[in-house]
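What follows is one structure encoded as structure tokens, with my remarks underneath.
Residue numbers (the numbering used here), protein chains in the order written: chain A, 1 to 255; chain B, 1001 to 1255.
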């Protein structure tokens, strides 16, 4: 069938074509396929078989996302490396960034509190039982990557309060204290725009996009111990993983 | 240790407390724990042990996200239901929404094209070999949920062009045509702010948050057949799933 004539330039709007080009360039930048300088507008125009105006529109989209920088004479450059956080295995940020560099935690709060009922229920605490609350701004070099709000069950949380929270992942501390491995976690991941205060803390323009992750983590015996609300800078973190097709159609369900 | 005095009101800024309250309320709304009317400011103030001003700040954050509506005398209501898309199994949108209602696809483009080299490489096409491009705006009732850009290998894509694209998931059509099941997919998920044109198509305020998913899907034999760039409205879709801790520390790696 590939010998039939192929319509190469269907009638689509320039904004639609620019989106197509931007999506492909974005992933090439993330994957390291493009580093440093981008090809010229003319080269991109040829590669994508679109007009230079469409190329300019696509580059404007990526510039608005903070992914590239454009300047006269200097040309177009990748402005910002994005880092991958795994969707395949349960990892702390420090573990996920291994091989890239050091994560440092700015501890904004670390204390006991009586958690709201919704938190107490998720952590299976009795009414009135305290939890431990930890809030950390997580830095990678000079870059704030995420703002993490953590609620811990008291038996583990009280001991974590005595540990070095600046350089350790909470996951590593839980495993050290409990003497066992973590089991699994339930995740809910969404995109939100940054409010003014979160944006300020993360040094993000107000209205920038955040990946918001709620994660309830259990020990291997199934006991929930750690409830976190993690705001990750959309321009710094990509969640990456793989999914497998369920074997039978009757098994389709959402968890 | 729970008999020790518990500091209930540590010195934290109101904006920090408002964020804590908003994060918990958000997940209660998503999970259906709160439906319709929210508790009063006074009730929330008691439940979360924060001032009414903090409650108001928290509700303002959720209102800005479009999740709740507030009106004098009417009070505060859940404005918008969010829908879950699975991170545990590879599902098309229609499959994921089963039990909620019907998904309808507005087909914005469906044709052959010579794909850019980066797309051709991912689909393992020869230079100059055509691919099939499909662009769909996906509606759930009166709500646009996502804008999907799809590149398909020619042998399967050419046959998909002859099928009903308005009511079928591409996944279901690929399996029908190939006679086998899909195998797995590689995912990259990020948060971006909506550009003007994508926002218009998705009826989202400009600058609203989008979940952008790049997904490369293979047949069971490992051949990649379907590359998609999916923009999901951040205020309509939550990605939900579970992760398991890798068994040994030496196994830590990112895919």
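Even for Gly, the Cβ is constructed at its ideal location relative to N, Cα and C.
Only a predicted model underlies this, so the values are computations on that prediction, with no experimental measurement involved.
In chain B, what lies closer than 9 Å to residue 187(A) by C-beta? 1087, 1239, 1240, 1241, 1242 and 1243
Do the CB positions of residue 1139(B) and residue 1095(B) come within less than 8 Å of each other? No Cβ-Cβ contact shorter than 8 Å links residue 1139(B) with residue 1095(B).
So residue 130(A) and residue 112(A) are supposed to be a Cβ contact under 8 Å. How far apart are they, rounded? 5 Å
Review point. By a C-beta neighbour count over all protein chains shown, 10 Å radius and 16 as the cutoff for buried, is residue 1238(B) buried or exposed?
Key: buried
**OP:** Report yes or no: do three or more beta-carbon pairs, one from the region 15–27 of chain A and one from the region 57–76 of chain A, lie closer than 8 Å?
**Re:** yes
Handout entry: Cβ shell of residue 1159(B) (< 7 Å), same chain only, five flanking positions each side left out
Key = 1177
query = Is residue 200(A) helix, strand or coil by DSSP?
reply = helix
**OP:** May I ask you to verify whether the region 1227–1237 of chain B touches the region 1202–1217 of chain B, counting CB pairs closer than 8 Å and requiring at least 3?
**Re:** yes
In its own chain, which residues sit with a C-beta less than 6 Å from the C-beta of residue 1044(B), not counting the 5 before and 5 after it?
1055
Can you list the residues of chain B that residue 101(A) reaches, using a CB-CB cut of under 9 Å? Residues of chain B whose Cβ lies closer than 9 Å to the Cβ of residue 101(A) do not exist, since the nearest Cβ in that chain is about 14 Å away.
| said: Give me, in chain order, the residues of the same chain whose beta-carbon lies closer than 7 Å to that of residue 14(A); leave out the 5 immediate sequence neighbours on both sides. | reply: 53, 54 and 57
Taking 8 Å as the threshold, find out whether the region 1217–1224 of chain B comes into contact with the region 1172–1189 of chain B through three or more Cβ pairs. When Cβ pairs closer than 8 Å are counted between the two stretches, the region 1217–1224 of chain B is seen to touch the region 1172–1189 of chain B, the count reaching three or more.
(request) Can you check the region 1074–1149 of chain B for any alpha helix (DSSP H) of at least 4 residues that lies completely inside it and give the ranges in chain order? (result) 1093–1096 and 1117–1122
Q.
So if DSSP puts residue 1022(B) in a beta bridge, which residue, or which two residues, is it bridged to?
A. Paired residues: none, contrary to the question.
Notebook entry, point to check: Terminal residues of the continuous alpha helix (DSSP H) containing residue 64(A)?
Noted result: 52–64
Counting only beta-carbon separations shorter than 8 Å, does residue 1042(B) have a partner in chain A?
no
What are the start and end residues of the beta strand (DSSP E) that includes residue 1241(B)? 1237–1244
Item to complete: Give the range of the alpha helix (DSSP H) segment to which residue 1188(B) is assigned.
Response: No alpha helix (DSSP H) holds residue 1188(B); the beta strand (DSSP E) holding it covers 1182–1193.
**Message:** Rounded to the nearest angstrom, what separates residue 1181(B) and residue 1163(B) at their Cα positions?
**Reply:** 18 Å
**Prompt:** Is DSSP giving residue 172(A) helix, strand or coil here?
**Reply:** helix
* Asked: Can you list, in chain order, the residues of the region 1185–1219 of chain B whose Cβ is nearer than 7 Å to any Cβ on chain A?
  -> 1185, 1186, 1187, 1188, 1189, 1190, 1191, 1192, 1193, 1195, 1197, 1198, 1207, 1208, 1209, 1210, 1211 and 1214
*Where residue 69(A) falls: helix, strand or coil (DSSP)*: strand
### Query
Of the residues 204(A), 236(A), 195(A) and 152(A), which one's Cα is nearest the Cα of residue 1016(B)?
Looking at the Cα atoms, 195(A) is the closest of the given residues.
Residue 1009(B) to residue 1083(B) span [Cα, whole Å]: The predicted position of residue 1009(B) is uncertain, since its pLDDT is 45 and thus under 50; no value can be drawn from it.
CA-to-CA distance, residue 1199(B) to residue 146(A), given in whole angstroms | The alpha-carbon atoms of residue 146(A) and residue 1199(B) are separated by roughly 26 Å.
Task: residue 1085(B) classed as buried or exposed, judged by whether at least 16 other C-beta atoms fall within 10 angstroms - done: buried
How would you call residue 1037(B), buried or exposed, if buried means at least 16 neighbouring beta carbons within 10 angstroms? exposed
TODO: Please state whether DSSP places residue 1230(B) in a helix, a strand or coil.
DONE: The answer is strand: DSSP assigns residue 1230(B) an E or B state.
Where does residue 1044(B) sit, in a helix, a strand or coil, going by DSSP? helix
By a C-beta neighbour count over all protein chains shown, 10 Å radius and 16 as the cutoff for buried, is residue 1115(B) buried or exposed?
Residue 1115(B) counts as buried, since at least 16 other C-beta atoms from the protein chains shown sit within 10 angstroms of its C-beta.
*asked:* The alpha helix (DSSP H) that contains residue 1223(B), what's its start and end?
replied: Annotation: residue 1223(B) is outside any alpha helix (DSSP H) and is labelled neither H nor E by DSSP.
query: Going by the beta-carbon positions, is the gap between residue 35(A) and residue 78(A) smaller than 8 Å?
result: yes
For this session: Kindly indicate if chain B contains any beta-carbon less than 8 Å away from that of residue 24(A).
Result: yes
Inset, instruction - Could you list the residues in the region 1095–1122 of chain B with a C-beta less than 8 Å from some C-beta on chain A, going in chain order? - result: 1095, 1096, 1098, 1108, 1109, 1111, 1112, 1113, 1114, 1116, 1117, 1118 and 1119
- Message: Beta-carbon within less than 6 Å of residue 1092(B)'s beta-carbon, same chain only, minus the 5 sequence neighbours each way: which residues are those?
- Response: Around residue 1092(B): 1169 and 1171.
Return yes when the Cβ of residue 167(A) is within less than 8 Å of the Cβ of residue 81(A), no when it is not. no
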